[in-house]
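Chains as they are written, first to last, in numbering that gives the first Met the number 0: chain E, 0 to 206; chain A, 0 to 811; chain V, 0 to 294.
What follows is a short report on a single structure.
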Amino acid sequence: MSDAKFVERYTPKERGNHWIVALCFILAALSGLSLFQPALFFFSSLFGGGPWTRILHPFIGVVMFLFFCITMVRFWKLNRMTDADRKWMKSIKDVVMNREKNLPEVGKYNAGQKYMFWLMVVCMWLLVLSGFVMWRPYFAGWFPIDINRVAVVVHAFSAVILVIGIIVHVYAAIWVKGTLRAMMRGNVSAAWAKHHHPGWYREISGK
Amino acid sequence: MTNSWVDIKNTDLVLIMGGNAAEAHPCGFKWVVEAMQQRKAKLIVVDPRFTRSAAVADTYAPIRMGSDIAFLGGVINYLLSNNKIHMEYVKAYTDATFMTKEGFNFDNGFFSGYNPEKRNYDKATWGYELGADGFVVVDDTMENPRCVFQQMKKHYSRYTPELVSKITGTPKDAFLKIAEQMGATAAPNKVMTILYALGWTQHTIGSQNIRTMAMIQLLLGNMGRPGGGVNALRGHANVQGITDMCLYSEVLPGYLGAPVDGDVSREAYLKRLTGKPLRPNQMAFTQNFPKWHTSQQKAWWGDAATKDNDFAFDYLPKKDAAYDVLHMFDLMFQGKMNGFVCQGFNPLAALPNKKKLSAALAKLKFLVVADPLETETAEFWKNFGPLNDVDPKQIQTEVFRLPTTTFAEETGSFTNSSRTLQWKEKAADAPGQGKPDSEIMARIFVKIREMYRKDGGKVPEPILNLSWPYQVAEAPNPGEIMREYSGRAMVDLMSPIDPKNPKEPQKVVVPAGQLASFAQLRDDGSTACGNWLYCGSWSPAGNLSARRDNSDPSGLGVFPGWGYSWPANRRILYNRASADPAGKPWDASRKYISWNGKAWGGVDVPDMRPNAAPEENVGPFIMNPEGVARLHAIGMAEGPFPEHYEPFETPVASNLMNTNPKAISNPAARVYKGDMEAFGKASEFPYAATTYRLTEHQHFWTKHARSNAIVQPSPFVEIGEDLAKEKGFKNGEMVKVKSNRGEVRAAVVVTKRIKGFDVDGKKVHMVGIPIHWGFKGVTQNGYLANALTPYVGDANSQTPEFKAFLVNIEKA
Amino acid sequence: MPSLQSLDIAARSATTTPSPSVRHTTEIAKLIDESKCIGCKACQVACMNWNDLRDDVGTNVGVYDNPSDLSPSSWTLMRFFEVEVEKDKLEWLIRKDGCMHCAEPGCLQACPSPGAIVKYSNGIVDFISENCIGCGYCISGCPFNVPRISKVDNKAYKCSLCSDRIAVGQAPACVKTCPTGAISFGSKEDMSIYAEKRAGELRERGHKDAGVYDPQGVGGTHVMYVLKHADRPELVGLPKNPSISTMVGLWKGVTKPIATALMGMAAFAGFLHYVMVGPKEVEEDGEHKSEKEQA
């Protein structure tokens, strides 16, 4: 492995899981946006109209959340913040501007990715909890209207933050060339690993 | 009603007592609201519960069930002691000045003449003292202790505010405040009206409750005046019509007394019922009784009623006893009545003591139920679990059910509480085989007549000779029936022969055909009229009950061109009393009728001979032979002055008005064998109970209608918070209410609106029981409330005592 | 719940552009006079009959309120309150509950489905059920807790103020039926004047706190009350100063455009970054292309 051109970054199960969550996210985001922003109500046509959008959205959300939980458990430890991460974050400007010389060494995930992970964890939980409170016709009636009102706001806020987060997440994959392959094929080039995640590369290759 | 629904708007003060107008008469209640807004009238509600009427009232006071006479007697005492009476009115229009007979007295609960064995009175000592001229002796000074005024004063002086409060549980200050407000209407320019209903009638002292109020209205000078009167709010759209047309054993249509066993001939009968003036110049309108009765006989038997056969007087049944429903069911219960035709009536739900009723129906050979709905009575034999726990195998009664139309599925007229006939066309055909009641009766009659014709029988004449002139014998047209009871002249009616000029040819005064008024009726067989009170409702001008002229020129709510009010299209009875003795209206803002120097006239039909000049002193109460209203009335079974008696089931051990153990409850009320024993004692059944109606339902009918069922779906009983706490009941849980006769289970409504009563220092809790549920219908099923109620009625009308009895209550 | 073009739609849910507004109809209002209401429920029955609604036959739960709450089939109901404002002076206050037809309707603001809730220029707020998607946002939006969602079809329902009757010059069914005249109907202006007159009459009668309930927090309502205790509307279950919840305002107010802009900007920022800064590429030899370019 140490001399291989490519190194494995994600197992098939991890990739499958990721893409299920991703697909659910896209569907949930489109349906959710159609209910949130009248200008985007036309997205509801993708789901068979308003009522179907209303019906499907929470189920999609629940599927997304369940699969996300697997991801969450799987990657929990790997996303613990370290001192190096905090240092890395201080140089975020350099990261963004592609000036990488003086950055601290990065492990499997850099601090940005870790923050993204925790952001997703927080948003997902907020979404599922608030979504439960506002889910008609099943559970919304269990809660007083005041709680419903808080829930809709929490749901909207966390959804917007998540959407923005995911935009960043997706762009990062486009920006950092060779990244997409990790989730598509499961591996990355050794050079990519060495360059972006030298700590991790050393760990898995022993170099 | 002596007045009309619309007339309520003319009042200054509305008293609702013995009724709950907002609840039971929401449509008519609009006129109370109108009076409150437009005339700034005040509304007083006196009721055991804080009712829907109380919710919009200015003043509310509680009163223990069955103690109304104590309250009202206290008011009379207040009015007399504080000189809050309309003296000119009282002197001129009541019998206050009349002398009563020597020997009349009242002693410890009994009036003179009581017979404890028969539970009735020998009335020989009651009534007025007559002079040698045949007229009543009067004392214009009203100072003689034997005059009605002084007798009344003496009788009610015992009703002190303290005693009233002890008996009724009404706080003394609340009582006095109300008495004061009522007393203020003694002023000639102030008028009070009273609205009552079953809360007064359904007592063993029911008739006297109303009489006490009538006395108050007379003392205040409020009778016969716009915005005044004593107003009975009738239960449904045509219950006034039923009463007028008679379905009672006591009277013939138009309140003509029915013949009794002792009326051996027409002559004897007419003599008994024909009035004779008791004071000079009085109209004594019942002098016309022979005209009304003879015309009725002609309407019924036509050509078969002739002078020679005493106008078929022998065809009429002569009753030997009262045949009110309580008596009928008692006969059934004893096995002495074998068949029962029950039309538009659900006695199993509507009469007291269901257990007795059910046992009575089970002894019948046959029962015919004609009704648009599936009534409990029609299915009394069927087991509905605990709601109707009978064994059908043990019941041999054959039950026939004849589906009838509802009110909206038939043409005809309604007579409302205002005595106004209103014609209506049918709105829809009846479903299935439903037929109008009139057609069902006609078909049965035609069949029976055929059987008599073919097979003969005992006394066939009343059946064979019955006048049956309808175009379709099996289905008389409502118009034909109305023309018949409105009356017609069979021949041209001629002017009487002038004794001075016997040769003078007689003139036609009324051409043959429909009559315009009961004044045209004759006793020689030349006129036919089924009900003298309704005479003229279908006049030569046509069907007046179909008129819909909604103009009200006077602004006093008379609407003379809307429908037809009996008698003679008169909207306020005794309206002569709206003017002072000189013929001038008492109050300028309510000018109703007046004497213009030659004749009576005004916005309504004057209740007075048109040319009776004020100097003639013709009294306004023309139906009474004395011409004035009675403060002292001998017609009443239990005494000429109303006296407080406790309900037969009373939560208190004694009657605080006397110390006579025989006079705790009405000494003249009829109690059947076995029913006295079925009364419960306060030791076992400590709570005072009453039954009542709710606005969402009409008796036992609307539980068959989905809309009504939705807005009041299931049975409940109401108690106060104190009792609920004592018993540990939670609001809405199921409870069991028991009387000595049965039990019901229902949800309990715990409410601030019921607080119980402080009676002579003792707390009496109250249990309220709405009645509308049964084991048929689209509401939730429930127990019939009359499983609890006692089998005893008012001494005069035999209306059952549904409003005051005893129960116990426990968790179900 | 018909959609009536003739009534002229003044506002429409989930629609930001103006509705056709050349025509104007008189603003109407229903006035409920608590002091004349006897709680007979004729209005409830009229409502169910005119609108062909039949709720379930329920059970008594210890109060006179039946059905015990508003429902998709019960658009109005009487609520009964036993209160003792003065000690030992019981009052049985009865209020007809139902949609208030706010000038600024929270339901309409919250509704995500274009045209599912409309406000006519006469002031009626109407649910156009065929456009309803059943999300229940109107429930969160309503300051008076009025809309109810059907368990059968998952559509929201409430009083339409009989928009179909008003469109043809008839008063709402409840008004037509009320036997005591406790409900009146007319132009908002006339009703406001009459309401003040009635409140004055009641104060004269001794109800010193009588007044009109036409809450300005929601821009006024097209169903108004004359209350015996206008200083304490909560006695009859009405909010004292109702307004569209801050939460709902936050959610459907500023959040909506800002959030949309933020999302759009995030995506565009990525694009800009890509074209201005460029991607990170790693050569097979491990050198960083961008670094090389920069060098």
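All C-beta atoms, glycine included, are put in the ideal place defined by N, C-alpha and C.
Spatial distance of residue i from residue j (CA atoms)
{"i": "valine 222 of chain V", "j": "isoleucine 15 of chain A", "result": "32 angstroms"}
{"i": "alanine 321 of chain A", "j": "asparagine 795 of chain A", "result": "11 angstroms"}
{"i": "lysine 735 of chain A", "j": "threonine 690 of chain A", "result": "15 angstroms"}
{"i": "glutamine 797 of chain A", "j": "methionine 327 of chain A", "result": "12 angstroms"}
{"i": "serine 1 of chain E", "j": "methionine 183 of chain E", "result": "In this prediction, serine 1 of chain E has a pLDDT of 46, which is less than 50 and means its spatial position is unreliable; what the coordinates show is noted afterwards. Cα to Cα, the separation comes out at about 22 angstroms."}
{"i": "aspartate 11 of chain A", "j": "asparagine 48 of chain V", "result": "37 angstroms"}
{"i": "lysine 239 of chain V", "j": "glycine 216 of chain V", "result": "10 angstroms"}
{"i": "threonine 200 of chain A", "j": "isoleucine 209 of chain A", "result": "8 angstroms"}
{"i": "aspartate 606 of chain A", "j": "tyrosine 573 of chain A", "result": "6 angstroms"}
{"i": "asparagine 730 of chain A", "j": "lysine 724 of chain A", "result": "10 angstroms"}
{"i": "arginine 157 of chain A", "j": "proline 639 of chain A", "result": "16 angstroms"}
{"i": "isoleucine 621 of chain A", "j": "methionine 282 of chain A", "result": "6 angstroms"}
{"i": "alanine 27 of chain E", "j": "isoleucine 37 of chain V", "result": "51 angstroms"}
Best match in the options for proximity to residue i [C-alpha to C-alpha]
{"i": "lysine 107 of chain E", "options": "E:Ser204, E:Glu7 and E:Gly198", "result": "E:Gly198"}
{"i": "aspartate 307 of chain A", "options": "A:Met331, A:Lys270 and A:Glu266", "result": "A:Glu266"}
{"i": "leucine 655 of chain A", "options": "A:Gly755, A:Asp759 and A:Pro641", "result": "A:Asp759"}
{"i": "arginine 148 of chain E", "options": "V:Val247, V:Pro66 and V:Ile192", "result": "V:Val247"}
{"i": "alanine 236 of chain A", "options": "A:Leu420, A:Val806 and A:Asn807", "result": "A:Leu420"}
{"i": "valine 747 of chain A", "options": "A:Asn665, A:Val763 and A:Ile768", "result": "A:Ile768"}
{"i": "arginine 53 of chain E", "options": "E:Phe66, E:Met88, E:Met133 and E:Ile91", "result": "E:Met133"}
{"i": "isoleucine 144 of chain E", "options": "V:Ala28, V:Ser244 and V:Ile37", "result": "V:Ser244"}
{"i": "glutamate 116 of chain A", "options": "A:Met765, A:Leu783 and A:Val670", "result": "A:Val670"}
{"i": "isoleucine 163 of chain E", "options": "V:Glu282, V:Trp250 and V:Ala268", "result": "V:Ala268"}
{"i": "arginine 589 of chain A", "options": "A:Pro225, A:Thr405 and A:Ile177", "result": "A:Pro225"}
{"i": "proline 101 of chain A", "options": "A:Asn143, A:Ile592 and A:Gly108", "result": "This sequence places glutamate at residue 101 of chain A; proline is not what is there. It is A:Asn143 whose Cα lies nearest to the Cα of glutamate 101 of chain A."}
{"i": "glutamate 129 of chain V", "options": "V:Met262, V:Trp91 and V:Ala155", "result": "V:Ala155"}
{"i": "tyrosine 268 of chain A", "options": "A:Pro279, A:Trp537 and A:Phe310", "result": "A:Phe310"}
{"i": "threonine 50 of chain A", "options": "A:Ala784, A:Ile753, A:Ala811 and A:Lys761", "result": "A:Ile753"}
{"i": "valine 152 of chain E", "options": "V:Gly252, V:Cys39 and V:Val174", "result": "V:Gly252"}
{"i": "leucine 194 of chain A", "options": "A:Lys8, A:Ala632 and A:Tyr92", "result": "A:Lys8"}
CB contact check: residue i to chain A, cutoff 9 angstroms
{"i": "threonine 15 of chain V", "result": "no"}
{"i": "threonine 75 of chain V", "result": "no"}
{"i": "proline 66 of chain V", "result": "yes"}
Contact with chain V by residue i, beta-carbon distance below 9 angstroms
{"i": "threonine 10 of chain A", "result": "no"}
{"i": "arginine 148 of chain E", "result": "yes"}
{"i": "aspartate 93 of chain E", "result": "no"}
{"i": "methionine 80 of chain E", "result": "no"}
{"i": "phenylalanine 284 of chain A", "result": "no"}
{"i": "tyrosine 59 of chain A", "result": "yes"}
Whether residue i touches residue j by CB criterion (9 angstroms)
{"i": "alanine 668 of chain A", "j": "glycine 792 of chain A", "result": "yes"}
{"i": "glutamate 717 of chain A", "j": "threonine 694 of chain A", "result": "no"}
{"i": "serine 738 of chain A", "j": "arginine 521 of chain A", "result": "no"}
{"i": "glycine 205 of chain A", "j": "glutamate 800 of chain A", "result": "yes"}
{"i": "lysine 41 of chain A", "j": "aspartate 57 of chain A", "result": "yes"}
Within-9 angstroms CB hit, residue i to chain E
{"i": "glutamate 280 of chain V", "result": "yes"}
{"i": "lysine 88 of chain V", "result": "no"}
{"i": "lysine 150 of chain V", "result": "yes"}
{"i": "serine 186 of chain V", "result": "no"}
{"i": "valine 274 of chain V", "result": "no"}
Partner residues on chain C for residue i, Cβ-Cβ distance less than 8 angstroms
{"i": "tryptophan 18 of chain E", "result": "The structure shown contains no chain C; its protein chains are E, A and V."}
Quick check for students: name the residue ranges of the alpha helix (DSSP H) that lie wholly in the region 123-195 of chain E, counting only runs of 4 or more. 144-174, 179-183 and 189-195
Which ranges would you report for the beta strand (DSSP E) in the region 58-126 of chain V if only whole runs of at least 3 residues count? 76-85, 88-96, 116-119 and 124-126
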